[in-house]
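Novice:
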Amino acid sequence: MGQITSKRNVLTRGVRFSTNEEGPPRYSSHHFDSGLRRNSDLQVHSTTVVPDEESSSTSEHRSSGPELFRSSVYSTMDLVPQLEHYANSVPCQMIRNRPSLETLRKTFEVVETGINGRTTSDSSSQSAPDLGNEESQDPPEKTPIRFGWVLGVMVRCMLNIWGVILFLRLSWITSQAGILLTCVIILMSVAVTSVTALSISAIATNGRVFGGGSYFMISRTLGPEIGGPIGMVSSFGNALACALNTVGFAEVVRDLMLEFNVVMVDSVNDVRIVGVITITILLLISLAGMEWESKTQILFFLVLLISFANYFVGTLIPPNTDKQAVGVFGYRGDIFVENLIPNWRGSQGSFFQMFAIFFPAPIGILSGANISGDLKDPGTAIPKGTLMAIFWTTLSYLGVAVTVGSCVVRDASGNTSDILTGNNTDGCVGLACSMGWNFTNCIQSQSCKYGLANSAKVLGQVSGFYYLITAGVFAASLSTTLGFLVTTPKGFQCLCKDKIYPYIIFFAKDYGKNNEPIRAYILCYLIAVAFILIAELNTIAALISNFFLCSYCLINFSCFHASITNSPGWRPSFHYYSKWTALFGAVISVVLMFLFSWWAALITFCIIFFLFGYVNYNKPKINWGSSVQAGTYNMALSYSVSLTGVEDHVKNFRPQCLVLTGPPNQRPALVDFVGSFTKHISLMICGDIILEQDRTTRPHDATESMVKWLNKRKVRSFYTPLSAESLRAGAKHLLQASGLGKLKPNTLVLGFKGNWGESTPESIEDYINTIYDTFDSNYCLCILRMMDGLDISFDFEYEVNQSFEPEETVENQDEQTIDEDGADDVFDEGDSDQIKTVFQNDQGKKTIDVYWIADDGGLTLLVPYLFTRRKCWHRCQVRVFIVGDEQNMEKSRNEMITMLKSFRLDISDVIVMAGIEKRPHSKSLSRFVDSVAPFRLYDEQQEGVSVQELRQNAPWKISDKEFEAFKLRSQSKVRLNEIIRKNSQHTALVLVSLPVPPSDCPSALYMAWLDALTCGLHCPTVLIRGNQQNVLTFYCE
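Numbering-wise (our numbering), the sequence shown opens with residue 27 and increments by one.
#1: Quick test of the definition: if touching needs 3 or more C-beta pairs under 8 Å, does the stretch 341-350 touch the stretch 496-511?
#2: Among the candidates ASN737, LEU709, PRO946 and GLU277, whose CA atom is the shortest distance from the CA of LEU775?
#3: Counting only the same chain and skipping the five closest in sequence on each side, list residues whose C-beta sits under 6 Å from that of GLN1055.
#4: Roughly how many angstroms lie between the CA atoms of ALA627 and PRO125, to the nearest whole one?
#5: Mark VAL36 as exposed unless 16 or more other C-beta atoms lie within 10 angstroms of its C-beta, in which case mark it buried.
#6: Going by the DSSP bridge assignment, what does LEU1015 pair with across the sheet?
#7: Is the separation between the beta-carbon of SER245 and that of GLY253 shorter than 7 Å?
#8: GLY143 to MET732, Cα distance in whole Å?
#9: In the structure shown, what three-state DSSP assignment does SER708 receive?
#10: DSSP beta-bridge partners for CYS806?
#11: By how many angstroms is the C-alpha of LYS927 removed from the C-alpha of PRO747?
#12: Could you check where the alpha helix (DSSP H) with SER422 kicks off and where it finishes?
#13: How would you label ARG739, buried or exposed, when you count the other beta carbons within 10 angstroms and need 16 or more for buried?
#14: Quick check on PHE1060: buried or exposed, where buried means 16 or more other Cβ atoms within 10 Å of its Cβ?
#15: Please go through the stretch 442-475 and give each complete alpha helix (DSSP H) segment of 4 or more residues, from N-terminal end onward.
#16: Compare the Cα-Cα distances from ILE1050 to each of VAL1018, ALA1034, ILE311 and PHE533 and report the closest residue.
#17: Check the DSSP bridge columns for PRO747 and list the partner residues they point to.
#18: Can you list, in chain order, the residues of its chain with a C-beta nearer than 6 Å to that of ASN271? Leave out the 5 residues immediately preceding and following it.
#19: Figure out for me which residue from THR607, TRP1035, LYS768 and ALA567 has the closest Cα to the Cα of ARG953.
#20: Just the C-alpha distance for GLY611 and ASN582, rounded to the nearest angstrom, thanks.
#21: Sorted by chain position, which residues of the same chain lie with C-beta nearer than 7 Å to MET461's C-beta, five sequence neighbours on each side aside?
#22: If you compare alpha carbons, which of GLY780, ALA728, MET619 and ALA757 is closest to VAL685?
#23: Give the single residue among GLY783, VAL294 and CYS808 whose Cα lies nearest to the Cα of SER1029.
#24: Do you know offhand how far ILE790's Cα is from ASP727's?
#25: When the Cα of SER948 is compared with those of ARG1001, SER215 and SER312, which residue comes out closest?
#26: Assuming THR1047 is part of the beta strand (DSSP E), what are its boundary residues?
#27: According to the Cβ coordinates, are PRO598 and THR231 closer than 7 Å?
#28: For the beta strand (DSSP E) that ILE937 lies in, which residues bound it at each end?
#29: I'd like to check one pair, ILE634 with PRO890: are the Cβ atoms closer than 7 Å?
#30: Apply the 10 Å Cβ neighbour rule to SER115 and answer buried if 16 or more other Cβ atoms are within range, or exposed otherwise.
#31: For PRO1046 and ALA1014, what's the separation of their Cα atoms in angstroms?
#32: By the DSSP assignment, the beta strand (DSSP E) with LEU885 in it spans what residues?
#33: Name the two residues that bound the continuous beta strand (DSSP E) containing LEU401.
#34: Using a threshold of 7 Å, state whether the C-beta atoms of CYS2 and ASN480 are closer than that.
#35: Tell me the DSSP bridge mates of ARG172?
#36: The alpha helix (DSSP H) that contains LEU1020, what's its start and end?
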């Protein structure tokens, strides 16, 4: 396969290739000339591919160095698979795009060239750029510091897991719970953190991970609604952890100073002074850069290793009298057996209390993941480093618990005079009696100050050199503080860059080659200093543990949810995890939150729910392909499939509407009308039929723009564009193909063709045939007519379906419902103000008049009832008008009232229309005759032409015979309009039963009927017809 040397995204302008009989062409811009020099008799024609100017200019802007593109055997523009084509989501990086289908289908200009390389095209005369010189001209950039899995993850996690609990609390826990239960506590804690580590590993290897740590992983997996709250909580919790560890260090320093009788102010203020100085020094180390910070962490790590070595060596050294006085006797089987079982003491003497005290020790497993942006290969480093850190630290905790429980008794006085001088042990209490020591007095009086159960400095007493353990305590607390001080701002910076919450974007700015979040560093420092000055963090400590457990819960749930949704995009390269263990980790984390501190758990969840509600309400324009989206798809698919097996029932009927809106933003009234009775109730699909002549004038991003417009208007609707030759063809395709299973439209909604009198006969025929097709498809039908028309496309640059036109002659312009001044701001890209229509206004106590002329199954009554369920319409009263005769008006009214009560519809009044058979006024009748006059075919015009030929050539024409045959029907429509105008001139909405067109009725005549029924009304008028099947019932089964 050959190669093509090119800049980004396009081929070079002069592409030359050599051919041979043994393989496909080998494309090259360098080897061709040398081949010519070796064999001057070789005659090869070169092909020059001339790209369009736009792509050429784009190429020049994007080119930054030598790029080598390889084309496939199909085409010189059709490239083989390349990694760069899939890196279009990488931020701050130039993007390479594969050619689009449109580009591949274009006919490129092919120019034949001679051996000398000259072409007849000017574009090919330009020589390829000297890529070598171009590369050499690029200024060298400093490479940012990146860490491997050992220093970047394993060491950091080990430093955070080796905390002060190891040195100051583990021996006491061993005395309370015994060696056996202490090992159980350690293994239970490690089980939770190990499961979380497996979940982290799976998430970290499911795609490239950038900076942001646990927030980045949770948010990209579960979406911003969950990721945003946990990012805020974990960032604040980590800042508090900085203060907590600093205060712990300051208290150790204060106690050490007291041993040497050094006091600066007092015990409380000394902690504050030391704490502020310490956190300031650590901040300066962090601001110096990751290189200095990593060197400091290495120093702390070495100190800790020396402390461990010092401790384990000390357990092997035979204890002297001073050590024995404090309970240290070296390895002894009887001490091991004595300390193997628990010995609960005090109010905290229980298994779960010990577990709660120990559990914060191993929770530093996120330290490596939190600097994911500073790792060379996060996908490899995070799983490997985190799991190795858990393994080594677990061994160290178990080793310390077993060894200290084998060397030290629970109680000792520390008094060297308590040594037994003889073999008389009468009255001696405790295991030390068999080793020549009598600690009976302090044991019985419970005043012992030394031993496993009483002293926090046991490890220093056991070790070879006491102050090396103190140095280990310093290293453990300072490394943890430094780790939180470095990772917290980086995660918070990522949250700020995502712009999920307001007022924090200021902290998103980065500095230097490592994109250091200086502003976030300062914020974290100020929070830590504020809580250090409090110097009393026992209450806050419980909240911090809950914040960590909440993070663990969501990390595990992220892994479980991503696995259970079976999304094709969930393909982690780390396979050693299980969705069920992840679920177990999530559940156990929540259980531990409430076991440790129920009030802190409640506070944590309240904060999470509040932040979640804010994000869910604002709905940030972020799409990370989260598992929540995959889960939503799975649920929708599952429910849609399950619905197909459910038979339709009249009680569950919903008007599922296919609305021929064209571009929805150009007919907002039609959209709002249907949305008023379908939102949160049923299906709505906005169908946009694009005629062939309008395709070229449509913007390329029209579909995306329409969806954004609908979302901004809070209309729950799908948008379906369809290219077709005519309105009828497009509507027919939509009627047949729209929907999925039972989620399929059963009602077609049209706008009234207001300018039908000035339209071409073909467009009228197209419009009326669409109505015919609707009835033939057994669909219900609604036609909305507004006094001022529906179409506002005159404010747009591109045309829409010409089968709908606004009314040019408008009565009563003062009642106009569309604000023409605001129409200039009609939605273009989804960010502009939107036009308000009458259906969005509060209708007050107006009436909705329903002219139920024909029994269509009840749709004519159901739609107004659904309207009254909306907030803007709920105070409206519904009046029902029926046809009757004067002799039986009361009977007809009572029968209708009884039926409506059976349907449980809240109808304010029933009015019987008598005299509808009367002849309409001559003025109204004259208007109707004038409207159909342009479409009449008089007898003198059809001499010698058969009816069949007439129907074939001009089906919209109305012959004299047809006009007379439908005369009475025409008059009834005109008369009904007179009644409607008399009774419903100022109502909020009028619904009239739509007459079903006879098969032999000319389209122009039927269009005139629709016009006659609805003309002259100031309010919105709906012609509505069900499909003659019941949509209302008074039965409960």
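Just so you know, even glycine gets a beta-carbon here, dropped at the ideal spot from N, CA and C.
Specialist: In short, the structure shows the following:
#1: Touching, no.
#2: The question names Leu, yet the displayed sequence has Val at residue 775. For the set ASN737, LEU709, PRO946 and GLU277, the Cα lying nearest the Cα of VAL775 is the one of LEU709.
#3: Within the same chain, Cβ atoms closer than 6 Å to the Cβ of GLN1055 are found at GLY883, the five residues on either side in sequence being excluded.
#4: When rounded, the distance between both Cα atoms is 53 Å.
#5: Confidence at VAL36 is low in this model, with a pLDDT of 38, below 50, so its placement is unreliable and the value that follows should be read with caution. With 16 or more Cβ atoms within 10 Å of its Cβ, VAL36 is classed as buried.
#6: In DSSP, LEU1015 forms a bridge with ILE874.
#7: Yes.
#8: Reliability fails at GLY143, whose pLDDT of 43 lies under 50, so the model's placement of it is uncertain and no value is given.
#9: If DSSP states are grouped into helix, strand and coil, SER708 belongs with coil.
#10: The partner list for CYS806 (beta bridge, DSSP) reads THR773.
#11: In a straight line, the C-alpha of PRO747 is about 42 Å away from that of LYS927.
#12: Taken as a continuous stretch (DSSP letters only), the alpha helix (DSSP H) holding SER422 covers 404-433.
#13: With 16 or more Cβ atoms within 10 Å of its Cβ, ARG739 is classed as buried.
#14: Around the C-beta of PHE1060, fewer than 16 other C-beta atoms lie within 10 Å, and the residue is accordingly described as exposed.
#15: The stretch 442-475 contains these whole alpha helix (DSSP H) runs: 466-471.
#16: Nearest option by C-alpha distance: VAL1018.
#17: Under DSSP, PRO747 forms a beta bridge with ASP714.
#18: Closer than 6 Å at Cβ, skipping near neighbours: SER503, THR506 and THR507.
#19: Looking only at THR607, TRP1035, LYS768 and ALA567, the smallest Cα-Cα distance to ARG953 is reached by TRP1035.
#20: Cα to Cα, GLY611 sits roughly 6 Å from ASN582.
#21: So the qualifying residues of the chain are PHE355.
#22: Answer by Cα proximity: ALA757.
#23: It is GLY783.
#24: Looking at the two C-alpha atoms, the distance is approximately 31 Å.
#25: The option with the nearest alpha carbon to SER948 is ARG1001.
#26: Where THR1047 is concerned, the enclosing beta strand (DSSP E) stretches over 1047-1051.
#27: Contact flag set, yes.
#28: For ILE937, the enclosing beta strand (DSSP E) has its first and last residue at 935-939.
#29: No, these two residues do not count as a Cβ contact at 7 Å.
#30: Any reading at SER115 must be qualified, since the residue scores a pLDDT of 48, below 50, and its modelled position is unreliable; no value is offered.
#31: Cα-Cα distance, rounded: 7 Å.
#32: For LEU885, there is no enclosing beta strand (DSSP E); the enclosing alpha helix (DSSP H) has its first and last residue at 885-893.
#33: Judged by DSSP secondary structure, LEU401 falls outside any beta strand (DSSP E); it is assigned neither H nor E.
#34: Past the boundaries of the shown model lies residue 2; the chain is included only from 27 to 1063, so the question cannot be answered.
#35: Looking at the DSSP assignment, ARG172 forms no beta bridge with any residue, so it has no partner.
#36: Segment: none, LEU1020 is in no alpha helix (DSSP H) and carries neither H nor E.
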